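*Asks:*
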Amino acid sequence: MTEKPPSFEQRGITEQEVIQALKEKGLRDREALRLHQQWIEQEWEKLPKDPLELIRFNQRRARLYRAAGHLNEAYKMLLDAREQLLGEPRQDTRSALYTEITGELEELDKA
Numbered sequence: 507m508t509e510k511p512p513s514f515e516q517r518g519i520t521e522q523e524v525i526q527a528l529k530e531k532g533l534r535d536r537e538a539l540r541l542h543q544q545w546i547e548q549e550w551e552k553l554p555k556d557p558l559e560l561i562r563f564n565q566r567r568a569r570l571y572r573a574a575g576h577l578n579e580a581y582k583m584l585l586d587a588r589e590q591l592l593g594e595p596r597q598d599t600r601s602a603l604y605t606e607i608t609g610e611l612e613e614l615d616k617a
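For reference, each letter of the sequence shown is one residue, going 507 to 617 in the numbering used here.
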């Protein structure tokens with residue numbers, strides 16, 4: 507008797523799996539969206555509850571969208587992350603991350 511390979515839920519979902527599903531099936535495909543949502547929940551549980559880490563997670567999600575070819579979604583996610591950053595009281599960190607996110611937005615504008 508052979509064993510079944512572990513499911514996504516058992517081994518965790520990788521970013522690359524989500525990127526591939528979104529790239530191949532699109533944002534409207536139920537299976538791709540389910541996988542994407544499970545990845546978000548999986549990664550959310552690992553995050554420290556620092557507001558900056560939540561912003562960086564949104565930046566990471568934007569990069570995932572971009573890698574999957576969904577540039578509009580990536581752009582919207584980066585705009586959200588930059589807006590969230592405006593409430594960050596740590597000026598030095600806020601400034602550097604704001605510049606980084608703005609640079610990514612500018613790259614998407616050129617794409």
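Note that CB positions come from ideal geometry on N, CA and C, so glycine has one too. Source: prediction; values computed, not measured.
1) Determine the direct distance from the alpha carbon of residue 598 to that of residue 545, and round the result to whole angstroms.
2) As a quick exercise: from 606, 594, 534, 528, pick the residue whose alpha carbon is nearest that of residue 570.
3) Taking only three categories from DSSP, how would you classify residue 555?
4) Which one of 595, 573, 522, 606 has the shortest CA to CA distance from residue 617?
5) Residue 561 by DSSP, collapsed to three states: which one?
6) On the premise that residue 603 lies in contact with residue 561, defined as a C-beta separation below 8 Å, what is that separation, rounded to the nearest angstrom?
7) Could you check how far apart the C-beta atoms of residue 563 and residue 551 are, in whole angstroms? I think they sit under 8 Å.
8) So which of 578, 556, 530, 521 has the shortest CA-CA distance to residue 542?
*Replies:* Reading off the structure:
1) Rounded to the nearest angstrom, the two C-alpha atoms are 31 Å apart.
2) Per the Cα distances, 528.
3) Residue 555 falls in the coil class under three-state DSSP.
4) Distances from the CA of residue 617 to each of 595, 573, 522, 606 were compared; the closest alpha carbon is that of 573.
5) DSSP places residue 561 in the helix class (H, G or I) of the three-state scheme.
6) Indeed, because the Cβ distance is near 7 Å, the residues count as touching under 8 Å.
7) The Cβ separation is near 11 Å, so there is no contact.
8) Ranked by how close their Cα comes to the Cα of residue 542, the residues 578, 556, 530, 521 have 521 in first place.
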